[in-house]
Amino acid sequence: MKWNDRIGRRLKLHDLHVLLTVAEVGSMGKAAARLAVSQPSVSKAIADMEHTIGVRLLDRTPKGVETTAYGRALLRRSMGAFDELRQGIKDIESLADPTVGEVRVGCPEAMATGLMLASIAKFSDQYPRVVIRVTAANNMAHEFRLLRDRVVDFLVGSLPQPFTQDDLEAETLYHDRPYFLCGSKHPLARRRRVDLAELVDEPWLLPHESIFSAYLTQAFETNGLAAPKLGVRSYSVAQRVSLLTTNRFVSAESGSVLRFNAAKLPIKVLPVEHTARPWPIGVVTLKSRTVSPVVQTFLKYVRQVAKPMAKATS
Numbered sequence: 014m015k016w017n018d019r020i021g022r023r024l025k026l027h028d029l030h031v032l033l034t035v036a037e038v039g040s041m042g043k044a045a046a047r048l049a050v051s052q053p054s055v056s057k058a059i060a061d062m063e064h065t066i067g068v069r070l071l072d073r074t075p076k077g078v079e080t081t082a083y084g085r086a087l088l089r090r091s092m093g094a095f096d097e098l099r100q101g102i103k104d105i106e107s108l109a110d111p112t113v114g115e116v117r118v119g120c121p122e123a124m125a126t127g128l129m130l131a132s133i134a135k136f137s138d139q140y141p142r143v144v145i146r147v148t149a150a151n152n153m154a155h156e157f158r159l160l161r162d163r164v165v166d167f168l169v170g171s172l173p174q175p176f177t178q179d180d181l182e183a184e185t186l187y188h189d190r191p192y193f194l195c196g197s198k199h200p201l202a203r204r205r206r207v208d209l210a211e212l213v214d215e216p217w218l219l220p221h222e223s224i225f226s227a228y229l230t231q232a233f234e235t236n237g238l239a240a241p242k243l244g245v246r247s248y249s250v251a252q253r254v255s256l257l258t259t260n261r262f263v264s265a266e267s268g269s270v271l272r273f274n275a276a277k278l279p280i281k282v283l284p285v286e287h288t289a290r291p292w293p294i295g296v297v298t299l300k301s302r303t304v305s306p307v308v309q310t311f312l313k314y315v316r317q318v319a320k321p322m323a324k325a326t327s
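This note's numbering runs 13 ahead of the 1-based position in the sequence shown.
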């Protein structure tokens, strides 16, 4: 199949956009309504592509249509092509005015209320016209699709070890660890030393299942103790930190949360010795994708904010 004869002159971006829409909504009729065109024109666009490429892209089912293996292969590449075009427009906009643009980041709540909060505050002070969109990505290993589908420009969070994603690139910013906390008027707050075993039966503020909760469990188990179970289990970092101020609970949070929140609230780090293994916090990007200049600038601010934490754990 020669590119110029069979593809280059006949495969149109409009038709690829039609295929993307049909695949997303699962119906020719719904795709036509979304695109504000007639259903026959949608059918013709798909038929023309299938004839040009020489394979079937969609299978008709009683519930609508679904992509074939050939269709999925074409869609994966098409998404990349459309994304590169969008990035090209963003690059042109940045050249015309480097103070505007959009940054899309995925991160867990611990990052959103810590590292990302501080980074956005510094960045927005210099670039107030840049739009920043933060998407929940609470378990990085499960959220790589956000990068591959071009939903976000980069992810920030705990890096899986070992990192084995050939199409992604990981950059370690610093290493984190759990810190044990209580309210400033909690009975344990006056102690100069607290044994980890003393905390097992305390009322706890516990995170939902996550990478951090796995490391917290490891901190107890490596010291021959059962992980705590009493208290409140909440997905919300802000809620857990706020409840600490009631002085009824103990908790554990990452350094990413502690560094950017401890000074604002009457909470105290408990002097607990433990042998929990630190874990890497970093940025993950798509290798084949060049992000816009404004995203690159934002990443510089993230690295700048993270730098003191890297020194603290080195």
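C-beta: ideal position from N, C-alpha, C; glycine also. None of the values given here were measured: they were computed from a predicted structure.
Using a 10 angstroms sphere on the CB of R85, the tally of other CB atoms stays under 16, which defines it as exposed. One thing to note: V31 has its Cβ no nearer than 8 Å to the Cβ of V68. Of the candidates A323, V307, K324, E37, the residue whose Cα lies closest to the Cα of S137 is V307.
The C-alpha of T80 lies about 6 Å from the C-alpha of L70.
Note on geometry: alpha-carbon atoms of P173 and Y228 lie some 12 Å from one another.
For the set A36, K324, H27, the Cα lying nearest the Cα of T185 is the one of K324. If you keep only unbroken beta strand (DSSP E) runs of at least 3 residues inside the stretch 119-206, you get 143-149, 167-171, 181-189, 191-196. For S255, the enclosing alpha helix (DSSP H) begins and ends at 250-257. Less than 8 Å separates the beta-carbon of S269 from that of G127.
With respect to P241, V285 sits apart: the two C-beta atoms are not nearer than 8 Å. Boundaries for D72: no alpha helix (DSSP H) harbours it, while the beta strand (DSSP E) harbouring it runs 71-74, taken from the DSSP string.
Contact between the stretch 191-207 and the stretch 281-295 is established, with three or more Cβ pairs separated by less than 8 Å. Secondary structure at L283: coil, using DSSP grouped into helix, strand and coil. For L48, the three-state secondary structure derived from DSSP is helix. Just so you know, the alpha carbons of P175 and P321 end up roughly 25 Å apart. Shown here for V254: same chain residues with a beta carbon closer than 6 Å to its own, the five before and five after excluded, namely N274 in chain order. With fewer than 16 neighbouring CB atoms inside 10 Å of its own CB, G101 falls in the exposed class.
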